[in-house]
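So for the sequence shown, this note's numbering puts the first residue at 11; every next one is plus one. Take a look at the structure below.
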Amino acid sequence: MFVSDVASIPVIQLEGPGIIKAAKQSLIGPAQGWDGWSMRLFTLSEGGQTPRHSHPWPHINYIVGGQGTLFLGGKEHPVQAGSIAYIPGGEEHQFKNVSGEDFSFICIVPAEADK
């Protein structure tokens with residue numbers, strides 16, 4: 011069992027090609043007893059983005075706050091708090107913050123993807 015609060019989870023500032031103003035928190039995964047899966051919270055500050063990329067694993071996303079776009083299937087999709095998305099493995103994708111507030115989303119992936 012595991013009960014916590016997002017405010018107590020360490021925030022990791024992400025760096026790398028194509029990453030702008032992005033942070034990650036690893037909320038629940040194998041260390042908390044959820045074998046095989048990881049749930050992370052990503053926050054993109056104003057003007058932030060993830061790189062346009064693909065990888066072999068799928069992921070499930072739930073937009074928690076703010077407004078942004080999700081590049082998927084060759085086009086930009088507007089997303090906001092309450093939006094959901096399934097991104098199959100191998101699909102090129104990218105999240106961007108298009109608002110003046112933080113844009114945050116839950117991302118669930120196989121545990122091996124949360125490195």
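Glycine is no exception: its CB is placed at the ideal position from the N, C-alpha and C atoms. Bear in mind that the values here come from a model prediction, so they are computed numbers and not experimental data.
Per-residue burial, residue i [other beta carbons within 10 Å of its own, 16 or more giving buried]
i	result
Ser14	exposed
Arg50	buried
Gly83	exposed
Phe12	exposed
Val21	exposed
Beta-carbon gap between residue i and residue j smaller than 8 Å
i	j	result
Gly58	Asn107	yes
Gly28	Pro61	yes
Lys31	Ser55	yes
Simplified DSSP state of residue i, which is helix, strand or coil
i	result
Ala95	strand
Glu86	strand
Pro66	coil
Ser18	helix
Nearest-angstrom Cβ-Cβ length linking residue i and residue j, presumed shorter than 8 Å
i	j	result
Gly92	Ile73	6 Å
Short CB-CB distance (under 8 Å) between residue i and chain D
i	result
Ser14	This model lacks chain D altogether; it includes just one protein chain.
| field | Meets three-Cβ-pair contact criterion under 8 Å: the region 34–43 and the region 98–106 | value | Under the Cβ criterion (8 Å, minimum of three pairs), the region 34–43 does not count as touching the region 98–106.
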